[in-house]
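Enquirer: The structure that follows is given in the form of structure tokens.
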Amino acid sequence: MTTDELVKQVMRGNLVLVGEYRGSHAEMAGYVDKKSGQAIRYVRGIHLVECDWYGRVDRVLLFEYFPESVASVEQAEATFTYERGRKYVFYLESFKRERGQLTGRVAGWDPEPLEIAEEAGCSPAGEPPPF
Amino acid sequence: MTKSKAAFLFASQTLGKQRLYLWTFTFRELLAVNETRKRWNHLLTLLLRQWPNLQGLRVFELHREHGLHVHLVTNQFIDVKRARELAAQSGWGRIHVTPMPSEHCGYLAKYLSKDRPECLYRWRLWAGFGKGWEWTKVKDVIQDSVFSRVYRACKEWRGWVGRGHFFKRMELVRRVMISTIEYGWRVGRGPEARPYSDDDEAILTGLLPVEVEEFGKNFV
Numbered sequence: 858m859t860t861d862e863l864v865k866q867v868m869r870g871n872l873v874l875v876g877e878y879r880g881s882h883a884e885m886a887g888y889v890d891k892k893s894g895q896a897i898r899y900v901r902g903i904h905l906v907e908c909d910w911y912g913r914v915d916r917v918l919l920f921e922y923f924p925e926s927v928a929s930v931e932q933a934e935a936t937f938t939y940e941r942g943r944k945y946v947f948y949l950e951s952f953k954r955e956r957g958q959l960t961g962r963v964a965g966w967d968p969e970p971l972e973i974a975e976e977a978g979c980s981p982a983g984e985p986p987p988f
Numbered sequence: 163m164t165k166s167k168a169a170f171l172f173a174s175q176t177l178g179k180q181r182l183y184l185w186t187f188t189f190r191e192l193l194a195v196n197e198t199r200k201r202w203n204h205l206l207t208l209l210l211r212q213w214p215n216l217q218g219l220r221v222f223e224l225h226r227e228h229g230l231h232v233h234l235v236t237n238q239f240i241d242v243k244r245a246r247e248l249a250a251q252s253g254w255g256r257i258h259v260t261p262m263p264s265e266h267c268g269y270l271a272k273y274l275s276k277d278r279p280e281c282l283y284r285w286r287l288w289a290g291f292g293k294g295w296e297w298t299k300v301k302d303v304i305q306d307s308v309f310s311r312v313y314r315a316c317k318e319w320r321g322w323v324g325r326g327h328f329f330k331r332m333e334l335v336r337r338v339m340i341s342t343i344e345y346g347w348r349v350g351r352g353p354e355a356r357p358y359s360d361d362d363e364a365i366l367t368g369l370l371p372v373e374v375e376e377f378g379k380n381f382v
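Chains as they are written, first to last, in the numbering used here: chain Y, 858 to 988; chain Z, 163 to 382.
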């Protein structure tokens with residue numbers, strides 16, 4: 858996704874978070890009833906993202922809930938094809954800040970890597986200056 | 163999903179695996195939440211007097227237009243005409259009842275996922291009633307997640323006892339959990355799957371700010 862495309866998404870009103878991807882963890886989370894022994898289990902992924910939060914670097918935990926077709930931790934981990942240290946655009950369904958920790962829930966769309974056009978400091982070796 | 167919602171879903175499964183009945187009790191006029199609770203207590207007393215074996219779960223829902231109303235799940239058919247008379251006696255308005263398969267209890271549980279309004283702070287948003295059955299309570303639910311596992315490991319590591327310094331503990335656990343995700347540690351273990359105690363200083367000084375480091379030392 859280019860910066861222009863990102864701006865378009867923002868202007869459309871999509872809730873997005875841009876940050877540097879730091880890592881992910883897939884888990885089989887759930888609850889167990891001590892009385893009846895019943896259990897509720899679900900697979901979820903937690904992505905760690907670093908972003909700028911009003912002048913300081915903040916770490917955001919983004920939770921991803923998988924459809925029923927993803928039934929195991931291994932299947933969930935197979936979807937984590939992101940590159941650590943790269944900036945991504947995460948589409949969010951919701952987010953909240955609680956006790957100083959920003960957490961969010963990612964929407965159904967996959968995160969997209971952000972392509973930032975870097976400005977050259979000078980002309981390539983052996984090439985004349987552009988103007 | 164919150165622990166409360168999970169407990170509610172467990173309780174609804176205990177209540178009945180077959181057919182349940184979903185009741186909705188509302189008022190003609192908009193009432194203050196405390197008044198609604200009083201009237202609910204009155205109505206529940208009347209219902210249980212009429213049907214002593216009635217078992218069920220009730221959920222409070224604060225509607226954005228109609229104020230507080232009550233949803234009820236019961237596992238027994240009761241005469242709706244008589245129930246309407248009792249509701250009118252205790253000051254309630256419209257009553258609606260419909261049969262519901264037990265799997266649809268998630269519909270009621272959705273109210274428990276919503277942000278709790280300030281006026282319902284410390285209220286039991288749902289509760290069971292009736293004799294002869296034990297509904298699941300929040301304290302009966304064990305949570306299994308990366309956070310809870312890291313918490314248990316930190317508790318062992320720092321020797322936490324009692325319930326003091328809750329927020330500081332949460333802060334420490336959260337930071338260790340973030341390190342677990344970032345560095346790919348095994349859940350509940352430090353670098354290279356060593357116990358946290360083996361890298362005590364490294365974990366506290368390398369990853370945590372000074373105030374948390376100091377906090378951790380106080381708990382040795």
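Ideal Cβ placement from N, Cα and C applies to all residues, glycine included.
Measuring CA to CA, which of Z:D306, Z:E197 and Z:L206 is closest to Y:I897?
Expert: The residue given as residue 897 of chain Y occupies position 40 in the first sequence. That would be Z:D306, whose Cα lies nearest to the Cα of Y:I897.
Enquirer: Can you say whether Z:G294 is buried or exposed, counting buried as having 16 or more other CB atoms within 10 angstroms of its CB?
Expert: Here residue 294 of chain Z is taken as the residue at index 132 of the second sequence, counted from 1. Under this definition Z:G294 is an exposed residue.
Enquirer: Measuring CB to CB, does Z:L230 end up less than 9 angstroms from Z:R211?
Expert: Translated into positions along the second sequence, residue 230 of chain Z becomes position 68. Translated into positions along the second sequence, residue 211 of chain Z becomes position 49. No, these two residues do not count as a Cβ contact at 9 angstroms.
Enquirer: For a test of the three-state rule: what should DSSP assign to Z:F328, helix, strand or coil?
Expert: Taking the first residue of the second sequence as 1, we reach residue 328 of chain Z at position 166. Looking at Z:F328 - three-state DSSP - the assignment turns out to be helix.
Enquirer: Suppose you measure from the CA of Y:V943 to the CA of Y:V927; what does that come to, to the nearest Å?
Expert: Stepping through the first sequence from its first residue, residue 943 of chain Y is reached at position 86. Stepping through the first sequence from its first residue, residue 927 of chain Y is reached at position 70. Note that residue 943 of chain Y is Arg in the sequence shown here, rather than Val. Taking the straight line from one Cα to the other gives about 26 angstroms.
Enquirer: When the Cα of Z:K272 is compared with those of Z:K179, Z:V221 and Z:I240, which residue comes out closest?
Expert: Residue numbering aside, residue 272 of chain Z sits at position 110 when the second sequence is read from its first letter. The candidate whose alpha carbon is nearest that of Z:K272 is Z:V221.
Enquirer: Taking only the alpha-carbon atoms, compute the straight-line gap between Z:D285 and Z:E223 and give it to the nearest angstrom.
Expert: By one-based count along the second sequence, residue 285 of chain Z stands at place 123. By one-based count along the second sequence, residue 223 of chain Z stands at place 61. Note that residue 285 of chain Z corresponds to Trp in the displayed sequence, not to Asp. Near 12 angstroms, if we compare the C-alpha coordinates of Z:E223 and Z:W285.
Enquirer: Helix, strand or coil: which one does DSSP assign to Y:E984?
Expert: One-based indexing of the first sequence puts residue 984 of chain Y at position 127. It is coil, neither helix nor strand.
Enquirer: Quick test of the definition: if touching needs 3 or more C-beta pairs under 8 angstroms, does the region 859-872 of chain Y touch the region 913-926 of chain Y?
Expert: No: the two stretches stay apart, fewer than three of their Cβ pairs being nearer than 8 angstroms.
Enquirer: Any beta-carbon of chain Y closer than 9 angstroms to the one on Z:G378?
Expert: Residue 378 of chain Z sits at position 216 when you count from the first residue of the second sequence. Low confidence applies here, because Z:G378 scores a pLDDT of 46, under 50, leaving its location unreliable and the question unanswered by this model.
Enquirer: Quick check: what's the CA-CA separation for Z:E373 versus Z:H327?
Expert: Counting from one through the second sequence, the residue named residue 373 of chain Z turns up at place 211. Counting from one through the second sequence, the residue named residue 327 of chain Z turns up at place 165. The predicted model places Z:E373 with a pLDDT of 43, which falls under 50 and marks its position as unreliable, so this point remains unresolved.
Enquirer: For the region 259-266 of chain Z and the region 177-193 of chain Z, state whether three or more C-beta atom pairs, one from each stretch, are separated by less than 8 angstroms.
Expert: Judged by Cβ distances under 8 angstroms, the region 259-266 of chain Z makes contact with the region 177-193 of chain Z, as three or more pairs qualify.
Enquirer: Have a look at Z:H266, Z:L206 and Z:R331 and flag the residue whose alpha-carbon is nearest the alpha-carbon of Z:W254.
Expert: Translated into positions along the second sequence, residue 254 of chain Z becomes position 92. Nearest option by C-alpha distance: Z:L206.
Enquirer: Can you give me the Cβ contacts of Z:R336 inside the same chain, cut-off strictly under 8 angstroms, excluding the 5 residues immediately before and after it?
Expert: Working through the second sequence from its first residue, we reach residue 336 of chain Z at position 174. Around Z:R336: F309.
Enquirer: Are three or more beta carbon pairs between the region 920-935 of chain Y and the region 337-347 of chain Z nearer than 8 angstroms?
Expert: With a cut-off of 8 angstroms, the region 337-347 of chain Z and the region 920-935 of chain Y do not count as touching, because too few Cβ pairs lie within range.
Enquirer: So, under 8 angstroms CB-CB, Z:W202 and Z:V232 are touching, yes? Tell me the CB distance rounded to an integer number of Å.
Expert: Taking the first residue of the second sequence as 1, we reach residue 202 of chain Z at position 40. Taking the first residue of the second sequence as 1, we reach residue 232 of chain Z at position 70. Confirmed, Cβ separation roughly 5 angstroms.
Enquirer: At a CB-CB cut-off below 8 angstroms, which residues of chain Z make contact with Y:E884?
Expert: Numbered from its first residue, the first sequence carries residue 884 of chain Y at position 27. Under the 8 angstroms cutoff, chain Z gives S307, V308 and V349.
Enquirer: Three-state secondary structure (DSSP) at Z:I257?
Expert: Mapped onto the second sequence, residue 257 of chain Z falls at position 95. It is a strand residue.
Enquirer: Could you tell me if Y:V963 is buried or exposed, where buried requires 16 or more neighbouring beta carbons within 10 angstroms of its beta carbon?
Expert: Working through the first sequence from its first residue, we reach residue 963 of chain Y at position 106. Y:V963 should be labelled buried.
Enquirer: Would you call the CB atoms of Z:P340 and Z:G352 closer than 9 angstroms?
Expert: For this step, residue 340 of chain Z is matched to residue 178 along the second sequence. For this step, residue 352 of chain Z is matched to residue 190 along the second sequence. The residue asked about is misnamed: residue 340 of chain Z is Ile in this sequence, not Pro. Taking 9 angstroms as the Cβ cut-off, Z:I340 and Z:G352 do not qualify as a contacting pair.
Enquirer: Output needed in chain order: residues of the region 896-926 of chain Y with a Cβ under 7 angstroms from some Cβ in chain Z.
Expert: Result list: I897, I903, L905 and R916.
Enquirer: So Y:E969 and Y:M858 are in contact, right, with Cβ under 8 angstroms, and what is the actual spacing, rounded?
Expert: Residue numbering aside, residue 969 of chain Y sits at position 112 when the first sequence is read from its first letter. Residue numbering aside, residue 858 of chain Y sits at position 1 when the first sequence is read from its first letter. Confirmed, Cβ separation roughly 4 angstroms.
Enquirer: Using a C-beta cutoff of 9 angstroms, does Y:R879 count as contacting chain Z?
Expert: Start at 1 with the first residue of the first sequence, and residue 879 of chain Y comes out as number 22. Interface residue, yes.
Enquirer: Could you spell out the range, first to last residue, of the alpha helix (DSSP H) harbouring Y:R943?
Expert: On the first sequence, position 86 is the one that residue 943 of chain Y refers to. Looking at the DSSP string, Y:R943 is not in any alpha helix (DSSP H), and its letter there is neither H nor E.
Enquirer: Answer yes if the region 167-175 of chain Z comes into contact with the region 238-253 of chain Z, meaning at least three C-beta pairs across the two stretches below 8 angstroms, and no otherwise.
Expert: No: fewer than three Cβ pairs fall under 8 angstroms.
Enquirer: Express the C-alpha separation of Z:S252 and Y:P924 in angstroms, rounding to a whole number.
Expert: Here residue 924 of chain Y refers to the residue found at position 67 of the first sequence. Here residue 252 of chain Z refers to the residue found at position 90 of the second sequence. Distance between the alpha carbons of Y:P924 and Z:S252: 45 angstroms.
Enquirer: So the alpha helix (DSSP H) Z:S166 belongs to, where does it begin and stop?
Expert: Position 4 of the second sequence holds residue 166 of chain Z. Start and end: K165 to L177.
Enquirer: Going along chain Z in order, which residues have a C-beta closer than 8 angstroms to the C-beta of Y:R954?
Expert: Numbered from its first residue, the first sequence carries residue 954 of chain Y at position 97. None at all; the shortest Cβ gap to chain Z is about 13 angstroms.
Enquirer: Check the C-beta distance from Z:L208 over to Z:T236 and give it rounded, since I have them as a contact under 8 angstroms.
Expert: Taking the first residue of the second sequence as position 1, residue 208 of chain Z is located at position 46. Taking the first residue of the second sequence as position 1, residue 236 of chain Z is located at position 74. Z:L208 to Z:T236, Cβ: 14 angstroms. No contact.
Enquirer: With a threshold of 9 angstroms between beta carbons, is Y:G957 in contact with chain Z?
Expert: For the purposes of this step, residue 957 of chain Y is taken as the residue at position 100 of the first sequence. Judged by the 9 angstroms Cβ criterion, Y:G957 is in contact with chain Z.
Enquirer: What are the residues that DSSP puts in a beta bridge with Y:E955?
Expert: In the first sequence, counting from the first residue as 1, residue 955 of chain Y sits at position 98. Paired residues: Y:Q958.
Enquirer: Taking only beta-carbon atoms, is Z:Q217 less than 9 angstroms away from chain Y?
Expert: Taking the second sequence and counting its residues from 1, the one referred to as residue 217 of chain Z is at position 55. Taking Cβ atoms only, chain Y never reaches closer than 9 angstroms to Z:Q217, which makes this a no.
Enquirer: Please list, in chain order, all residues of the same chain as Z:G178 whose beta carbon is under 7 angstroms from its beta carbon, the five residues on each side excluded.
Expert: Taking the second sequence and counting its residues from 1, one reaches residue 178 of chain Z at position 16. Hits under 7 angstroms: N237 and S264.
Enquirer: Quick one: does Z:V374 have its CB under 9 angstroms from some CB of chain Y?
Expert: Numbered from 1 along the second sequence, position 212 holds the residue referred to as residue 374 of chain Z. A caution first: Z:V374 carries a pLDDT of 44, below 50, which makes its placement in the model unreliable, though a value can still be read off. Chain Y, which has no Cβ nearer than 9 angstroms to the Cβ of Z:V374, makes this no.
Enquirer: Using three-state DSSP, classify Z:P357 as helix, strand or coil.
Expert: Residue 357 of chain Z sits at position 195 when you count from the first residue of the second sequence. Three-state result, Z:P357: coil.
Enquirer: Could you check the C-alpha separation between Z:E315 and Z:G350 for me, to the nearest Å?
Expert: As a working note, residue 315 of chain Z is residue 153 in the second sequence. As a working note, residue 350 of chain Z is residue 188 in the second sequence. It is worth fixing the name first, because residue 315 of chain Z is Ala in this sequence and not Glu. Computed Cα separation, rounded: 5 angstroms.
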